[in-house]
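Novice: Chains A and B, in that order, are what the protein sequence lines are.
For reference, each letter of the first sequence is one residue, going 236 to 340 in the numbering used here.
For reference, each letter of the second sequence is one residue, going 30 to 446 in the numbering used here.
Idealized CB from N, CA, C, for every residue including glycine.
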Amino acid sequence: MSDWVRIADASEIADDEPFASEWNGEAIALYRHEGEIFAIGDICTHEHVRLSDGWFEGDRIECPLHQSCFEIRTGKVIEGGPASEDVASYQVKVEDGAVFVKRGI
Amino acid sequence: MSDTTLRNATDRVWPEDGVTRVPAWIYSDPEIYAKELKVFHYGKTWNFVGLDCEVPEPNSFKRSWVGERPVIITRDAEGEIHVVENRCAHRGSLLCWKNRGQAKDITCPYHHWTYNLSGDLMGLPFLRGVQGKGGMPRDFDKSKNGLTKLRVAVRGGSIWATYSDEVAPLEEYLGPEILMRLDRLVSRRPLRLLGYSRQIVESNWKLYWENSRDPYHATLMHPFLSTFGILRTDGDYHSVPLQEGRHEYTYSQYDPELKNKTSEASKQIKSIHSDLEVKDKEVVSSVVDEFKDGMMGAFQVFPTILVQQYFNCLVVRHVIPKGVGAHELSWTYFGYADDDETINRLRLKQSNLVGPAGFVSLEDSEVLSLMQPVVESCPDSVQVLEMGGHGTEAQSTMMTETLIRAFYDFYRREMGL
Ligand code: FES
Ligand SMILES: [Fe+2]
Numbered sequence: 236m237s238d239w240v241r242i243a244d245a246s247e248i249a250d251d252e253p254f255a256s257e258w259n260g261e262a263i264a265l266y267r268h269e270g271e272i273f274a275i276g277d278i279c280t281h282e283h284v285r286l287s288d289g290w291f292e293g294d295r296i297e298c299p300l301h302q303s304c305f306e307i308r309t310g311k312v313i314e315g316g317p318a319s320e321d322v323a324s325y326q327v328k329v330e331d332g333a334v335f336v337k338r339g340i
Numbered sequence: 030m031s032d033t034t035l036r037n038a039t040d041r042v043w044p045e046d047g048v049t050r051v052p053a054w055i056y057s058d059p060e061i062y063a064k065e066l067k068v069f070h071y072g073k074t075w076n077f078v079g080l081d082c083e084v085p086e087p088n089s090f091k092r093s094w095v096g097e098r099p100v101i102i103t104r105d106a107e108g109e110i111h112v113v114e115n116r117c118a119h120r121g122s123l124l125c126w127k128n129r130g131q132a133k134d135i136t137c138p139y140h141h142w143t144y145n146l147s148g149d150l151m152g153l154p155f156l157r158g159v160q161g162k163g164g165m166p167r168d169f170d171k172s173k174n175g176l177t178k179l180r181v182a183v184r185g186g187s188i189w190a191t192y193s194d195e196v197a198p199l200e201e202y203l204g205p206e207i208l209m210r211l212d213r214l215v216s217r218r219p220l221r222l223l224g225y226s227r228q229i230v231e232s233n234w235k236l237y238w239e240n241s242r243d244p245y246h247a248t249l250m251h252p253f254l255s256t257f258g259i260l261r262t263d264g265d266y267h268s269v270p271l272q273e274g275r276h277e278y279t280y281s282q283y284d285p286e287l288k289n290k291t292s293e294a295s296k297q298i299k300s301i302h303s304d305l306e307v308k309d310k311e312v313v314s315s316v317v318d319e320f321k322d323g324m325m326g327a328f329q330v331f332p333t334i335l336v337q338q339y340f341n342c343l344v345v346r347h348v349i350p351k352g353v354g355a356h357e358l359s360w361t362y363f364g365y366a367d368d369d370e371t372i373n374r375l376r377l378k379q380s381n382l383v384g385p386a387g388f389v390s391l392e393d394s395e396v397l398s399l400m401q402p403v404v405e406s407c408p409d410s411v412q413v414l415e416m417g418g419h420g421t422e423a424q425s426t427m428m429t430e431t432l433i434r435a436f437y438d439f440y441r442r443e444m445g446l
């Protein structure tokens, strides 16, 4: 994914609920936090489960299985849970109500 | 009431004549057995659990036992060794089902609670429920719901665990004589795991415990030994109880000339056939005197292991109780990381001497499993232990039961019998 990809409508992304999406087999979750939209990889790096089914609080998502936490701005894993690797991070832009993502920060 | 099976363990009375008599009810009474586990394995003792070469690198694990309880030996990412109960803190499921391997964490197969290798609970599925429903209460504290951790001690390549906060440090518990013998085998060079054999013996664990303190039977019941001159009653042999019977060691100086000598004692043993010969002498001789002391022997560390050196075969016998009428014998064969091919091959070849089908050990489990129903059927009968007199002192002969008497002297004190 080296180009911008249209992935959702901005209106679909609620304030406190993760939005699970996918592009070309890649699971991506979108989060709205303090008015801004963020996108990170949606499969936990510990076991294969969607992070967007987990607990979204502040600027982090907590895995529903074993509570590994990831920063929604960067995909970085937060120490303390069983996962030790980060998930992918994406750049986000919103144009005419459409959300576009692109690999990288 | 004359039926002993209806009595309480606490009412049991040891027969007169002290340690020269052992009552058969100690091998079948479930209350005695339960008390043994509590006082010994779960009490103020150090239990052998494994060798460090079984968890060779960071993020590895090996299953073991303390008494009847399954435990896991782990080596965490930093290389530190832990021993934790193999029992999920949630609902008690057996956590780790694999004997040995590599893992960064351990997940329970039942509800997928996940623990790190030091036993802390890392996470559990649906802690927050699903869509706001269910889940654990807000005040559920993961840090209070980890695995039960045992106190651990590592000496050379050997790993030990205890439930007790009070037991003396391992070195003190073992004492200088055992430490010296243990270090000779496991502390000088890094270990290499050669393999395992395991067997269930259908007898009370103490029948095996006595058996390995009983040099008297060795030349009689194991004809291989006397036939091929590995161990002869006329050889130099020492039986030494330690710490008032808690541990013991035996040793003999290997004498390559022994086979050619005939003495009064060896003439008395029917099983010596001088016309029989082992074709492959490597099985029964120290081709390499690797410790440069010509010594062969074994030592017992209460309540879990017998460590034995037969020429170049090095093996730990781990005695794991499995109910009042059974125990498991787990044999771990080892050598050293820097062993060359020659000695490695010798160790493997000589490991045929011991184990479930070993040339000099296969008879033990057979006799003991046929003995168990007999002692169970006659709980008021007694064993006679008068070989070598009535005492519990060290003796320089094989024709003695001093080590068994010393054990029961210790046993009675610990058990209050
Ligand atoms: S019993 Fe282990 S997770 Fe439930
Ligand atoms: Fe034996």
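1) Please name the residue in A/G276, A/H301, A/W239 whose C-alpha comes closest to that of B/G158.
2) Comparing alpha-carbon positions, which option in B/D368, B/K351, B/D309 lies nearest B/E319?
3) What's the C-alpha gap between B/S31 and B/Q228?
4) If distances are taken between C-alpha atoms only, which option among B/K321, B/I102, B/K351, B/G364 comes closest to B/Q337?
5) Note down the Cα distance separating B/G152 from B/N373, rounded to an integer number of angstroms.
6) Which residue or residues does DSSP assign as beta-bridge partners of A/G316?
7) Please decide whether A/S303 counts as near chain B, where near means a Cβ-Cβ distance under 8 Å.
8) Is there a C-beta anywhere in chain B that falls below 8 Å from the one on A/G310?
9) In terms of residue numbering, what span does the alpha helix (DSSP H) encompassing B/K64 cover?
10) Name the two residues that bound the continuous beta strand (DSSP E) containing A/V334.
11) In whole angstroms, what separates the C-alpha of B/G204 from that of B/P408?
12) Would you kindly report the start and end of the unbroken alpha helix (DSSP H) that includes B/E443?
13) Nearest chain B C-beta to A/G316 closer than 8 Å, yes or no?
14) Under 8 Å between C-beta atoms, does A/S287 make it to chain B?
15) Between the C-alpha atoms of A/S287 and A/D277, what's the straight-line distance to the nearest angstrom?
16) Determine the closest residue to B/Y440 out of B/D58, B/F69, B/E45, B/D46, with distance taken between C-alpha atoms.
17) Rank A/A262, A/N259, A/A274 by C-alpha distance to the C-alpha of A/A245 and give the top, closest one.
18) Within the 8 Å Cβ cut-off, does A/P253 reach chain B?
19) Between which two residues does the alpha helix (DSSP H) holding B/P376 run?
20) May I ask you to report which of helix, strand or coil DSSP gives B/M416?
21) Take A/P299 and list the residues in its own chain whose beta-carbon comes closer than 6 Å to its own, dropping the five residues that flank it on each side.
22) Given 7 Å as the limit, tell me if B/Q327 has its C-beta closer than that to any heavy atom belonging to ligand 2.
23) Hey, could you find the ends of the alpha helix (DSSP H) B/N240 is sitting in?
24) In three-state terms, what does DSSP make of B/Y192?
25) Using 8 Å as the threshold, is the region 136-148 of chain B in touch with the region 103-111 of chain B, meaning 3 or more CB pairs across them?
26) Can you list the residues of chain B that A/W258 reaches, using a CB-CB cut of under 8 Å?
27) Please return the same chain residues whose Cβ sits closer than 8 Å to the Cβ of B/S300, not counting the five positions on each side in sequence.
28) Less than 8 Å between the C-beta atoms of B/D81 and B/I207, yes or no?
29) Mapping the DSSP letters down to three states, classify B/R465 as helix, strand or coil.
30) Short of 8 Å in beta carbon distance, which residues of its chain neighbour B/I334, apart from the five on each side in sequence? Order them along the chain.
31) I want to see whether chain C comes within less than 8 Å of A/L265, judged by CB atoms only; does it?
32) Output yes if chain A places a C-beta closer than 8 Å to the C-beta of B/P154; else output no.
33) When you compare the CB of A/W341 with every CB in chain B, is at least one pair closer than 8 Å?
34) Alpha carbon to alpha carbon, what distance is there between B/N115 and B/R98?
35) For A/H268, report the span of its beta strand (DSSP E) as first-last.
36) What number of angstroms, rounded off, separates the C-alpha of B/R218 from the C-alpha of B/A366?
Specialist: Quick answer:
1) As a first step, residue 158 of chain B must be located in the second sequence, where it is residue number 129. For B/G158, the nearest C-alpha among the options comes from A/H301.
2) Position 290 of the second sequence, counting from 1, holds the residue named residue 319 of chain B. Nearest of B/D368, B/K351, B/D309 to B/E319, Cα basis: B/D368.
3) Counting from one through the second sequence, the residue named residue 31 of chain B turns up at place 2. Counting from one through the second sequence, the residue named residue 228 of chain B turns up at place 199. Note that B/S31 scores a pLDDT of 44, beneath 50, so its modelled location is shaky and nothing firm can be said.
4) Within the second sequence, the letter at position 308 stands for residue 337 of chain B. The candidate whose alpha carbon is nearest that of B/Q337 is B/G364.
5) Here residue 152 of chain B refers to the residue found at position 123 of the second sequence. Here residue 373 of chain B refers to the residue found at position 344 of the second sequence. So the two alpha carbons sit approximately 44 Å from each other.
6) In the first sequence, the residue the question calls residue 316 of chain A occupies position 81. A/E314, per the DSSP bridge assignment.
7) Position 68 of the first sequence, counted from the first residue, corresponds to residue 303 of chain A. At a cut-off of 8 Å between beta-carbon atoms, A/S303 makes contact with chain B.
8) By 1-based counting over the first sequence, the position of residue 310 of chain A is 75. Interface criterion not met: the Cβ of A/G310 is under 8 Å from no Cβ in chain B.
9) In the second sequence, the residue the question calls residue 64 of chain B occupies position 35. Under the DSSP assignment, B/K64 falls in the alpha helix (DSSP H) whose first and last residues are 59-65.
10) Locating residue 334 of chain A in the first sequence gives position 99, counting from the first residue. Per DSSP, the continuous beta strand (DSSP E) segment holding A/V334 begins and ends at 333-338.
11) Locating residue 204 of chain B in the second sequence gives position 175, counting from the first residue. Locating residue 408 of chain B in the second sequence gives position 379, counting from the first residue. Per the coordinates, the alpha-carbon of B/G204 lies some 35 Å from the alpha-carbon of B/P408.
12) Locating residue 443 of chain B in the second sequence gives position 414, counting from the first residue. Where B/E443 is concerned, the enclosing alpha helix (DSSP H) stretches over 431-444.
13) Here the question's residue 316 of chain A lines up with position 81 in the first sequence. Closer than 8 Å to some Cβ of chain B, the Cβ of A/G316 qualifies, so yes.
14) Working through the first sequence from its first residue, we reach residue 287 of chain A at position 52. No, A/S287 lies away from the interface with chain B (no Cβ there is under 8 Å from its Cβ).
15) Stepping through the first sequence from its first residue, residue 287 of chain A is reached at position 52. Stepping through the first sequence from its first residue, residue 277 of chain A is reached at position 42. Cα to Cα, the separation comes out at about 6 Å.
16) By 1-based counting over the second sequence, the position of residue 440 of chain B is 411. Selected option, being the one with the closest Cα: B/F69.
17) For the purposes of this step, residue 245 of chain A is identified with residue 10 of the first sequence, where counting begins at 1. Its Cα nearest to that of A/A245, the residue A/A274 stands out among A/A262, A/N259, A/A274.
18) On the first sequence, position 18 is the one that residue 253 of chain A refers to. No, its Cβ sits nowhere closer than 8 Å to a Cβ of chain B.
19) In the second sequence, residue 376 of chain B corresponds to position 347, counting from 1. Here residue 376 of chain B is Arg; the residue named in the question, Pro, does not match the sequence. That run of the alpha helix (DSSP H) goes 370-379.
20) Counting from 1 along the second sequence, the entry for residue 416 of chain B is found at position 387. In the three-state DSSP reduction, B/M416 falls in the coil class, being neither helix nor strand.
21) On the first sequence, residue 299 of chain A is found 64 positions in, with the first residue counted as 1. Within the same chain, and ignoring the five residues on either side of A/P299 in sequence, the residues whose Cβ sits closer than 6 Å to its Cβ are D288, G289.
22) If you number the second sequence from 1, residue 327 of chain B lands on position 298. The identity of residue 327 of chain B in the sequence shown is Ala, whereas the question assumes Gln. B/A327 Cβ: outside cutoff for every heavy atom of ligand 2.
23) On the second sequence, position 211 is the one that residue 240 of chain B refers to. Unbroken alpha helix (DSSP H) run through B/N240: 234-240.
24) Here residue 192 of chain B is taken as the residue at index 163 of the second sequence, counted from 1. DSSP places B/Y192 in coil when its eight states are reduced to three.
25) Yes: at least three Cβ pairs fall under 8 Å.
26) As a first step, residue 258 of chain A must be located in the first sequence, where it is residue number 23. Result: empty, since nearest Cβ-Cβ is about 25 Å, beyond 8 Å.
27) Within the second sequence, residue 300 of chain B is the residue found at index 271, counting from 1. The pLDDT assigned to B/S300 is 49, lower than 50, so where the model puts this residue is not dependable, and the model offers no usable value.
28) Numbered from 1 along the second sequence, position 52 holds the residue referred to as residue 81 of chain B. Numbered from 1 along the second sequence, position 178 holds the residue referred to as residue 207 of chain B. Result no, Cβ atoms of B/D81 and B/I207 do not sit closer than 8 Å.
29) With chain B covering only 30 through 446, there is no way to say anything about residue 465 of chain B.
30) Position 305 of the second sequence, counting from 1, holds the residue named residue 334 of chain B. Counting only residues of its own chain and dropping the five nearest sequence neighbours on each side, B/I334 has a CB closer than 8 Å to the CB of F77, V345, R346, H347, V348.
31) Judged by its chain identifiers, the structure shown contains no chain C, and its protein chains are A and B.
32) Position 125 of the second sequence, counted from the start, is the residue given in the question as residue 154 of chain B. Under the Cβ distance rule, B/P154 counts among the residues neighbouring chain A, one pair being separated by less than 8 Å.
33) A question about residue 341 of chain A goes unanswered here, because the residues of chain A that appear run from 236 up to 340.
34) Locating residue 98 of chain B in the second sequence gives position 69, counting from the first residue. Locating residue 115 of chain B in the second sequence gives position 86, counting from the first residue. About 8 Å.
35) For the purposes of this step, residue 268 of chain A is identified with residue 33 of the first sequence, where counting begins at 1. Taken as a continuous stretch (DSSP letters only), the beta strand (DSSP E) holding A/H268 covers 261-268.
36) Taking the first residue of the second sequence as 1, we reach residue 218 of chain B at position 189. Taking the first residue of the second sequence as 1, we reach residue 366 of chain B at position 337. Their Cα atoms are separated by approximately 7 Å.
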